[in-house]
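Scroll down for the structure; my scribbles are underneath it.
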Amino acid sequence: MSHLARNAAVVTADAGVSDDSVAAPAKRKKSRRSAKPMIDRYRWYEVVGIYAGIAVFLFFVLAPFIEGFLVSLKPLALLFSTPYSFWPKNGSFDAYFSMWQSVPMLGLYIFNSFFISTIVTIIVVAVVVPAAYAFARFPFTGAGLMLGGFLAVNMFSGAVLLIPLFRLMRSLGLLNTYWAMIVPGAAFLIPSSIWLLRTYLMRIPRELDEAAWVDGASRLYTLRRVILPLAMPGIVVVAIMTFIGAYAQQFIFALTFNSKSEFMPLPIGLFAFFGKQEVIWNELMAASFVGILPVMIVIVFLQRYLVAGLTAGAVKQ
Amino acid sequence: MTRQSSATLFALALLLPATIYILGIVAYPLVDTFLLSFTNASLKPQSDWIGWANYQRIFTAGNFTEVIIRTFIWTFFSVSIKMIIGTCGAVLLNAALPGQTVFRILTMPPWVVPMAIGIFMWGWMYNGQFGMISGLLQNFGIINKPVAWLAYGDTAFWATIVTDVWIGVPMVTIYFLAAMQSIPKDLYEAAWTDGAGRFYRFRRITLPMMVPAIITMSLLSLIATFNSFDIIWILTQGGPSGSTTTMIIDTYKTAIGSRKYGEGAARAVVICIFVTLFCLAYFRAVRKLTAGEAK
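Chains as they are written, first to last, in our numbering: chain A, 1 to 317; chain B, 318 to 612.
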């Protein structure tokens, strides 16, 4: 990684140490029981109230996943029995094995989801890196207006532009191919990625570009050999955000521009089953969980970067 | 060539791919929507310029005004509830107690998992016979017979709002949390030294300092909610009997369902006009708020 970032880390660590050594005697005098400052101390009923509030809040946020998971464990007979029981009696993971027969193309749907998101990510990163660098470093006339123009794209949903996009895809002969989902999908992820990466690039000192210029490096060489290596962490965050965005938003373009089941991403593949007469809910929930799993793993390992990325990309919902 | 102008040329060259992409896939379709709205385009290869006829038809025949009003009510409730729950969530997650890192991670799933899959799960929860909501309410004795939430106009309307809130809340919460943590600690310490209680500090420091974030987020959320399609389409497809048909759903049905491209485009243009107004409000608010900060 960049030595710049490491230096920054060292600086903050230093500050932390010196801060502690100064504050420690004062703290010890104030509070023997905990290192927490007094202002952050809570009475027992406040602690109970806050945890109860968090529990209610998280229950709302996670209820569908809890219910979905429990449903995936319940045998179909129990699922359709009354009265309602929350816990799966004699639950099993059977649905996770039988679903591959009931939804025969499940593996392909999952592959398609990953494939579409990967290509979208590659396109977005390739287009966004030079654009973000241009906005971060060259304050040419009209740059602000142009950036505003890109961000305005966020305000329109794909649904509004569906009719001309449909006609465009038809005349390009892209209907019922992967490209019908990839091309429009990437367009709506480009603007916030430009914004996110531009913010990151602006933090790289301008002196580095100038030093390279003085040494006779061309602009393109500077971008390739000086800026890109330093910007790698930022580019990785943008790539992850784009991938998650592309993975999460596969619906409307895939619903409208593709009718071939061999190209369907997971959400559309499963949606087709929801319309059927006999919905095998436990297996569909199991299949949904398999589709969600990769994203969950990403969240757990990369949540620090995600929070930074998601809040910076708040221009887009 | 001077260094300045060569720099500009280089910047424009770097911007070329992104610009072409957006012009082709977003700007051109936007213009095309506008042009199409004045034609009677359909599946037939030829179409004629019919002037304002599409606009005349959608505003005189049918229930377009009703759809607009419904869209606004739907959006209003969804955005307001998101803001309220988001603020509560951020306050709770901001408390200096152990476990918060884990709770923050647990807040994120609705935002990052495939939206459609989250909505499928809600579809099952709303099921009257077997779903969790009807089931638990019956177990607690609040309702005495199963309620199929998506089968009646009123309940379907609110059910789609609840799901939309569920999808929007994580982002609002995380954004508000970031805004809360950027409020200078000295303010709280000064107030605390003067004997201000926790609730008083929230009302007199946190809330006023959060106003810019709340305004920005409400407007962003307004735009996104106004354009919301997946939730309603998966849960009700605009039904029962049109009670959840918002402008986006209405446009989709006209354009893609009935293949009336011209009339659908006219409906899409009306959406674009509203969205543009919201955008202007947003940019105005951002400029005012940042100008206030500079002072």
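Idealized CB from N, CA, C, for every residue including glycine. Since the structure is predicted, the reported quantities are computational estimates derived from the model, not experimental observations.
How far does the alpha helix (DSSP H) with residue 502 (chain B) in it extend, from its first residue to its last?
Looking up residue 502 (chain B) in the second sequence gives position 185. Counting along the chain, the alpha helix (DSSP H) containing residue 502 (chain B) begins and ends at 502-510.
Could you give the residue range of the alpha helix (DSSP H) that holds residue 170 (chain A)?
On the first sequence, position 170 is the one that residue 170 (chain A) refers to. That run of the alpha helix (DSSP H) goes 162-171.
Nearest-angstrom Cα distance between residue 533 (chain B) and residue 599 (chain B)?
In the second sequence, counting from the first residue as 1, residue 533 (chain B) sits at position 216. In the second sequence, counting from the first residue as 1, residue 599 (chain B) sits at position 282. Their Cα atoms are separated by approximately 7 Å.
Between residue 501 (chain B) and chain C, is the shortest Cβ-Cβ distance under 8 Å, so that the two count as touching?
Here chain C cannot be found, since the structure's protein chains are A and B.
Which class does residue 406 (chain B) belong to by DSSP, given the choice of helix, strand or coil?
Indexing the second sequence from 1 puts residue 406 (chain B) at position 89. It is helical.
Over what stretch of residues does the alpha helix (DSSP H) that includes residue 117 (chain A) continue unbroken?
Position 117 of the first sequence, counted from the start, is the residue given in the question as residue 117 (chain A). Unbroken alpha helix (DSSP H) run through residue 117 (chain A): 106-137.
From A:129, A:115, A:89, A:58, residue whose alpha carbon lies closest to that of residue 423 (chain B):
Taking the second sequence and counting its residues from 1, the one referred to as residue 423 (chain B) is at position 106. Cα-wise, what sits closest to residue 423 (chain B) is A:58.
Do residue 494 (chain B) and residue 54 (chain A) come within 8 Å of each other at the CB atom, strictly closer than that value?
Your numbering for residue 54 (chain A) matches position 54 in the first sequence. Your numbering for residue 494 (chain B) matches position 177 in the second sequence. Using a Cβ distance threshold of 8 Å, residue 54 (chain A) and residue 494 (chain B) do not count as a contacting pair.
Nearest to residue 593 (chain B) by alpha carbon, out of A:263, A:182, A:157, A:115?
Taking the second sequence and counting its residues from 1, the one referred to as residue 593 (chain B) is at position 276. Closest by alpha carbon: A:157.
Please list, in chain order, the chain B residues whose beta carbon lies closer than 8 Å to that of residue 296 (chain A).
Locating residue 296 (chain A) in the first sequence gives position 296, where the first residue counts as 1. Near residue 296 (chain A) (Cβ distances below 8 Å), the residues of chain B are 426, 430.
Looking at chain A, which residues of the segment 396-429 of chain B have a Cβ within less than 9 Å of any of its Cβ atoms?
Residues of the segment 396-429 of chain B with a Cβ closer than 9 Å to any Cβ of chain A, in chain order: 402, 405, 406, 408, 409, 410, 412, 413, 414, 416, 417, 418, 420, 421, 422, 423, 424, 425, 426, 427, 428, 429.
If you measure between the beta carbons of residue 121 (chain A) and residue 199 (chain A), is that distance less than 8 Å?
Counting from 1 along the first sequence, the entry for residue 121 (chain A) is found at position 121. Counting from 1 along the first sequence, the entry for residue 199 (chain A) is found at position 199. No; because the gap between Cβ atoms is not below 8 Å, this pair is not in contact.
Hey, would you say residue 342 (chain B) sits closer than 8 Å to residue 292 (chain A), going by beta carbons?
Counting from one through the second sequence, the residue named residue 342 (chain B) turns up at place 25. Counting from one through the first sequence, the residue named residue 292 (chain A) turns up at place 292. Residue 292 (chain A) sits away from residue 342 (chain B), with the two beta carbons spaced by 8 Å or more.
With a floor of 4 residues, list each alpha helix (DSSP H) that falls wholly inside the segment 34-58 of chain A, ordered by position along the chain.
Fully contained in the segment 34-58 of chain A is no alpha helix (DSSP H) run of length 4 or more.
Looking at C-beta atoms only, is the number of pairs between the segment 443-455 of chain B and the segment 349-363 of chain B that lie closer than 8 Å three or more?
Short answer: they don't touch.
For residue 372 (chain B), would you say it is in contact with chain A, using Cβ-to-Cβ distances shorter than 8 Å as the test?
For the purposes of this step, residue 372 (chain B) is taken as the residue at position 55 of the second sequence. Residue-level contact by beta carbon fails for residue 372 (chain B) and chain A, as no gap is shorter than 8 Å.
Counting contacts by CB-CB distance shorter than 8 Å, is residue 103 (chain A) in contact with chain B?
Residue mapping note: residue 103 (chain A) aligns to position 103 of the first sequence, counting from 1. Chain B contact via Cβ: absent.
Within 8 Å (strictly less), CB to CB, does residue 94 (chain A) reach chain B?
Along the first sequence, one-based indexing puts residue 94 (chain A) at 94. Closer than 8 Å: no.
Taking only three categories from DSSP, how would you classify residue 369 (chain B)?
Counting from 1 along the second sequence, the entry for residue 369 (chain B) is found at position 52. Three-state result, residue 369 (chain B): coil.
Reference residue 503 (chain B); option with closest CA among B:522, B:517, B:487, B:559:
Against the second sequence, residue 503 (chain B) aligns to sequence position 186. Closest by alpha carbon: B:522.
What are the residues in the segment 47-66 of chain A lying within 8 Å of chain B by C-beta distance?
Listed by position along the chain: 47, 50, 51, 53, 54, 57, 58, 60, 61, 62, 63, 64, 65.
Selection of the segment 227-253 of chain A by Cβ proximity to chain B, strictly under 8 Å:
Listed by position along the chain: 244, 247, 248, 249, 250, 251, 252.
Nearest-angstrom Cβ-Cβ length linking residue 327 (chain B) and residue 206 (chain A), presumed shorter than 8 Å:
Locating residue 327 (chain B) in the second sequence gives position 10, where the first residue counts as 1. Locating residue 206 (chain A) in the first sequence gives position 206, where the first residue counts as 1. That belief does not hold up - the Cβ atoms of residue 327 (chain B) and residue 206 (chain A) are roughly 15 Å apart, past 8 Å.
Tell me, please, which residues DSSP counts as bridged to residue 356 (chain B).
By one-based count along the second sequence, residue 356 (chain B) stands at place 39. Partner(s): B:366.
Can you pull the chain B residues whose beta carbon is under 7 Å from the beta carbon of residue 261 (chain A), in chain order?
Translated into positions along the first sequence, residue 261 (chain A) becomes position 261. Here the premise fails: no neighbours, minimum Cβ distance about 16 Å.
What residue from B:578, B:573, B:460 has the CA that sits closest to residue 355 (chain B)'s CA?
For the purposes of this step, residue 355 (chain B) is identified with residue 38 of the second sequence, where counting begins at 1. Nearest to residue 355 (chain B) by C-alpha distance, out of B:578, B:573, B:460, is B:578.
What residues from the segment 201-222 of chain A come within 7 Å of chain B, judged by C-beta to C-beta, listed N to C?
Flagged, chain order: 219.
What did DSSP end up calling residue 394 (chain B) once you bin it into helix, strand or coil?
Looking up residue 394 (chain B) in the second sequence gives position 77. Helix at residue 394 (chain B).
Use the C-beta contact count for residue 403 (chain B): other C-beta atoms within 10 angstroms, 16 or more gives buried, fewer gives exposed.
The residue you call residue 403 (chain B) lines up with position 86 of the second sequence. By the 10 Å Cβ count, residue 403 (chain B) comes out buried.
Could you list which residues in chain A have their beta carbon closer than 8 Å to that of residue 449 (chain B), in chain order?
Residue mapping note: residue 449 (chain B) aligns to position 132 of the second sequence, counting from 1. What residue 449 (chain B) touches in chain A: 63, 67, 84, 86.
Quick one: what's got a C-beta closer than 6 Å to residue 88 (chain A)'s C-beta in the same chain, skipping five residues either side?
Position 88 of the first sequence, counting from 1, holds the residue named residue 88 (chain A). Short of 6 Å from the beta carbon of residue 88 (chain A), and not among the five residues preceding or following it, lie these beta carbons of its own chain, in chain order: 70, 73, 74.
Residue 253 (chain A) to residue 299 (chain A), Cα distance in whole Å?
In the first sequence, residue 253 (chain A) corresponds to position 253, counting from 1. In the first sequence, residue 299 (chain A) corresponds to position 299, counting from 1. In this model, residue 253 (chain A) and residue 299 (chain A) are separated by some 25 Å (Cα to Cα).
Would you kindly check if the distance between the Cβ of residue 488 (chain B) and the Cβ of residue 65 (chain A) is under 8 Å?
Taking the first sequence and counting its residues from 1, one reaches residue 65 (chain A) at position 65. Taking the second sequence and counting its residues from 1, one reaches residue 488 (chain B) at position 171. Not closer than 8 Å, so no.
Where do the N-terminal and C-terminal ends of the alpha helix (DSSP H) with residue 444 (chain B) fall, by residue?
Here the question's residue 444 (chain B) lines up with position 127 in the second sequence. Run containing residue 444 (chain B): none; DSSP gives neither H nor E here.
At which residues does the alpha helix (DSSP H) containing residue 527 (chain B) begin and terminate?
Within the second sequence, the letter at position 210 stands for residue 527 (chain B). 524-543 is the extent of the alpha helix (DSSP H) around residue 527 (chain B).
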